[in-house]
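**Student:**
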Amino acid sequence: MNAPVDPTRTAAWSELTTLRDSFSPDLRGWFAADPGRAERLSLPLADLHVDLSKNLVTDEVLAALLRLAEQTGVAERFQAMLSGSHLNTSEDRAVLHTALRRPAGASPALVVDGQDVDADVQSVLDALSAFADRVRSGDWLGVTGKKVTHVVNIGIGGSDLGPVMVYEALKPYADAGIHALFVSNIDPTDLAQKTAGLDPETTLFIVASKTFTTLETLTNARLARDWLWQGLAAAGAIDDSDEARTDAVAHHFVAVSTALDKVAAFGIDPANAFGFWDWVGGRYSVDSAIGLSLAIALGPDVFRDLLAGFHAVDEHVRTTELSRNVPVLMGLLNVWYNNFFGAQSHAVLPYAQQLSRFPAYLQQLTMESNGKSVRWDGSPVTTDTGEVFWGEPGTNGQHAFYQLIHQGTRLIPADFIAFVNPAYPLTDGGQDVHALFLANFLAQTKALAFGKTAEEVEAEGTTGALVAARTFPGNRPTTSIFASALTPQVLGQLIALYEHVTFTQGTIWGINSFDQWGVELGKQLAMQIAPAIEGDADAVAAQDPSTQALLEYYAANRK
Ligand code: F6P
1 MNAPVDPTRT AAWSELTTLR DSFSPDLRGW FAADPGRAER LSLPLADLHV DLSKNLVTDE
61 VLAALLRLAE QTGVAERFQA MLSGSHLNTS EDRAVLHTAL RRPAGASPAL VVDGQDVDAD
121 VQSVLDALSA FADRVRSGDW LGVTGKKVTH VVNIGIGGSD LGPVMVYEAL KPYADAGIHA
181 LFVSNIDPTD LAQKTAGLDP ETTLFIVASK TFTTLETLTN ARLARDWLWQ GLAAAGAIDD
241 SDEARTDAVA HHFVAVSTAL DKVAAFGIDP ANAFGFWDWV GGRYSVDSAI GLSLAIALGP
301 DVFRDLLAGF HAVDEHVRTT ELSRNVPVLM GLLNVWYNNF FGAQSHAVLP YAQQLSRFPA
361 YLQQLTMESN GKSVRWDGSP VTTDTGEVFW GEPGTNGQHA FYQLIHQGTR LIPADFIAFV
421 NPAYPLTDGG QDVHALFLAN FLAQTKALAF GKTAEEVEAE GTTGALVAAR TFPGNRPTTS
481 IFASALTPQV LGQLIALYEH VTFTQGTIWG INSFDQWGVE LGKQLAMQIA PAIEGDADAV
541 AAQDPSTQAL LEYYAANRK
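Rendered as structure tokens:
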């Protein structure tokens, strides 16, 4: 792998630094002087309409940002990723989530490291679809012969956040009377609350874990297995013999993993396990077999439509020149704000209740990918990296934190995501409620961009100190992502968009966006502390004074 380019040593970076030094954001002035700005900076991305015009950029800045992309090899890195280069250097793996959504029969076939990736992907997809159809039709039954009504996905991180986000987003498509629930946290409350009220005879558990070693997931899977056995025994459906218990697991547990040997060791029949590959990162895996809960609850066709949406954006990235390449442009804008304006965070504000988990999903995607201080060759990064992504659906956020975005001292770029047509067209006394909702989306991006001057405030009759309090500075950058409706294809497009935005930023910073060593230390220490919390004196003695004091508090208050 080539050594990463130091972005700060490129000519483009110097240009951008000079531009920033004399930069005076003026969205009011820019729009007034340039009637074509909105049209010029609004770009199509498959079914998405992406309006970049309310960002703090001039044509000059955009041109310099594009030169930065060229000088850091963004296009070449995209091609390398798509063709299966081992971009994940620290684990010596290809990065091929884009292969998961290549259509059947894509030509030429993608062969990487001697593996026919297309054939493998289609074979798992077919198996997944067939299994989902069996569950949906009632061909797959629980141990007492009852149809499945609830699937419970047990997974964490990428084995949870993607499925739960997509399920919430596409719930209107759930058409088989099967509900999905998602258990992730090792806090036993999660499993206890999610299984409360469920009938073991009609519940199917999916243990979703790429590695099948994750503490939370395996612990929850064992708890779920106990819950199943106890519930079935209480109903008189099974006795406590090994055969009966094995049979119950065979009917009520399936797995998704890259480690099928470990699945078998857990007691799940490998025939009921769906595989994927080490070249799919956990946070890039919702479009792999990790989406099994979606294929069951929403249907295999919906799942395939989702994949088609992803692929449309992959094709855009692959074939579109940088100056019209939406994910690249959005990544460049993030670099502009992050590295030249000191922006430390980025809000993602979906005007769609169905996307309530989208910001949480993006947090793993972006922050586990780009929250790094070293580059792919092990050398330190040369500039700030990964900003904090956060957000809540509008309009809830408006009544919580928008104050800070409008009038706070920090620059917080924000992406607004909205849909023309609602899933539920309700009216309130003749008023289209969704239209009212969208009026809020448009109003917020307008207020952030153009603000309200002191003169405008005074013209409304406000005087004295209140004038300053009621003044809005404007020039708060936003991107508006608009689509006709939140369909499976559109959702796939949105996810792929952010995957590629993340990759663009990682490439410019010289980061391997596909490993996550930063989560390891905490996992190791938890295993060391586990005996201490159970009272093992040696383990307590091995802790630092602060941890020991917290352990003492725990011991003193444990009931
Ligand atoms: O938190 C670290 C991590 O490895 C994530 O990257 C991953 O999505 C999650 O744990 C779950 O891992 P697995 O799917 O292997 O259980």
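If you read the sequence shown in this note's numbering, its first letter stands for residue 1, the second for the next number, and so on.
Glycine included, C-beta positions come from ideal geometry on N, C-alpha and C.
Bear in mind the structure is a predicted one, so any value in this text is a computation, not a measurement.
Give a single yes or no on whether E91 has its beta carbon closer than 7 Å to a heavy atom of the ligand F6P.
**Tutor:** No, the Cβ of E91 stays beyond 7 Å of every heavy atom of the ligand F6P.
**Student:** Which residues in the same chain have their Cβ closer than 7 Å to the Cβ of G138, if we skip the five residues on either side of it in sequence?
**Tutor:** K147.
**Student:** For G562, is the classification buried or exposed, using 16 other Cβ atoms within 10 angstroms of its Cβ as the cut-off for buried?
**Tutor:** In the structure as shown, the chain begins at 1 and stops at 559. Residue 562 is therefore absent and cannot be evaluated.
**Student:** Quick one: what does DSSP say P35 is sitting in, helix, strand or coil?
**Tutor:** In the structure shown, P35 sits in coil (DSSP, three-state: anything other than H, G, I, E or B).
**Student:** Would you mind listing the alpha helix (DSSP H) stretches within the stretch 221-256 that are 4+ residues and don't spill past its ends, in chain order?
**Tutor:** 242-252, all fully within the stretch 221-256.
**Student:** Flag V164 as yes when its Cβ comes closer than 7 Å to any non-hydrogen atom of the ligand F6P, and as no otherwise.
**Tutor:** No; taking the cut-off as 7 Å, the Cβ of V164 has no heavy atom of the ligand F6P nearer than that.
**Student:** Determine, using beta-carbon pairs with one atom in the stretch 493-506 and one in the stretch 331-340, whether at least three such pairs fall under 8 Å.
**Tutor:** Output reads yes: the stretch 331-340 touches the stretch 493-506.
**Student:** Could you spell out the range, first to last residue, of the alpha helix (DSSP H) harbouring N440?
**Tutor:** Run containing N440: V433 to F450, per the alpha helix (DSSP H) assignment.
**Student:** From I238 to I296, what distance separates their C-alpha atoms?
**Tutor:** Distance between the alpha carbons of I238 and I296: 26 Å.
**Student:** What is the rounded straight-line gap between the Cα of K559 and the Cα of Y553?
**Tutor:** Taking the straight line from one Cα to the other gives about 12 Å.
**Student:** When you compare each of A250, N272 and F78 to F131 by their alpha carbons, which one comes out closest?
**Tutor:** The option with the nearest alpha carbon to F131 is N272.
**Student:** With L181 as the anchor, note down where its beta strand (DSSP E) starts and where it stops.
**Tutor:** It spans H179 to V183 - the beta strand (DSSP E) in which L181 sits, taken as one unbroken run.
**Student:** Taking the CB atoms as reference points, tell me whether G291 and P163 lie closer together than 8 Å.
**Tutor:** The answer is yes: Cβ separation under 8 Å.
**Student:** Between V388 and G518, what straight-line distance do the alpha-carbon atoms span, to the nearest angstrom?
**Tutor:** Computed Cα separation, rounded: 15 Å.
**Student:** Enumerated in chain order, which unbroken segments of the alpha helix (DSSP H) with a length of 4 residues or greater are wholly contained in the stretch 41-96?
**Tutor:** Here the runs fully enclosed are 59-71 and 74-82.
**Student:** Using 8 Å as the cut-off, can you tell me whether the stretch 92-112 makes contact with the stretch 273-285, which would need three or more C-beta pairs spanning the two stretches below that distance?
**Tutor:** These segments touch.
**Student:** Mark Y424 as exposed unless 16 or more other C-beta atoms lie within 10 angstroms of its C-beta, in which case mark it buried.
**Tutor:** Burial call: exposed.
**Student:** Check the C-beta distance from I417 over to Y498 and give it rounded, since I have them as a contact under 8 Å.
**Tutor:** Rounded, the Cβ-Cβ distance is 10 Å, inconsistent with contact.
**Student:** Our contact map puts F482 next to H49 with C-beta atoms below 8 Å; I'd like the distance itself, whole angstroms only.
**Tutor:** So it is a contact: roughly 5 Å between Cβ atoms.
**Student:** Within the same chain, show all residues whose beta-carbon is closer than 6 Å to that of A180, passing over the 5 residues directly before and after it, in chain order.
**Tutor:** For A180, where only same-chain residues beyond five positions count, the Cβ hits under 6 Å are V151, Y167, S293 and A297.
**Student:** Within the continuous beta strand (DSSP E) that includes I412, where are the two ends?
**Tutor:** Note, I412: premise wrong, no beta strand (DSSP E); not H, not E.
**Student:** Going by beta-carbon coordinates alone, are L191 and L223 separated by less than 8 Å?
**Tutor:** Yes; because the gap between Cβ atoms is below 8 Å, this pair is in contact.
**Student:** Taking the alpha-carbon positions, what's the E70 to F514 distance?
**Tutor:** Roughly 22 Å separates the two Cα atoms.
**Student:** Out of A400, Q403 and K372, state which residue places its alpha-carbon closest to the alpha-carbon of S90.
**Tutor:** When only C-alpha atoms are compared, the closest one is K372.
**Student:** Unbroken beta strand (DSSP E) runs of length 3 or more, entirely within the stretch 269-349: which are they?
**Tutor:** With a minimum length of 3 residues, the continuous beta strand (DSSP E) runs that stay inside the stretch 269-349 are 273-275.
**Student:** Compute the beta-carbon to beta-carbon distance between V143 and T507, rounded to the nearest angstrom, for a pair I have assumed lies under 8 Å.
**Tutor:** Actually they are not in contact, since the Cβ atoms of V143 and T507 sit about 50 Å apart, beyond 8 Å.
**Student:** In terms of alpha-carbon separation, which member of V135, A289, D301 and G342 lies closest to D160?
**Tutor:** Residue A289 is the option with its Cα nearest to D160.
**Student:** Helix, strand or coil for A423 per DSSP?
**Tutor:** Residue state, collapsed to three classes: coil.
**Student:** Report, in whole angstroms, the separation of the C-beta atoms of W376 and G510, which I expect to be a contact under 8 Å.
**Tutor:** Right, the Cβ-Cβ distance comes to about 6 Å (below 8 Å), so this counts as a contact.
**Student:** Kindly examine the ligand F6P and report whether one of its heavy atoms sits closer than 7 Å to the Cβ of I156.
**Tutor:** I156 Cβ: within cutoff of the ligand F6P.
**Student:** Quick one: grab the DSSP three-state call for W30.
**Tutor:** Here W30 sits in helix by DSSP.
**Student:** Hey, would you say the C-beta of Q354 is under 7 Å away from at least one heavy atom of the ligand F6P?
**Tutor:** Because no heavy atom of the ligand F6P lies under 7 Å away, the Cβ of Q354 does not count as near it: no.
**Student:** Are at least three pairs of beta-carbons, each pair with one atom in the stretch 299-316 and one in the stretch 439-455, less than 8 Å apart?
**Tutor:** No, the stretch 299-316 does not touch the stretch 439-455.
**Student:** Please state the DSSP three-state secondary structure of S159.
**Tutor:** In this structure, S159 counts as helix in the three-state DSSP scheme.
**Student:** V326 and F253: beta carbons closer than 8 Å?
**Tutor:** No. Outside cutoff.
**Student:** Classify I508 as helix, strand or coil using the three-state DSSP reduction.
**Tutor:** Three-state DSSP puts I508 in a helix.
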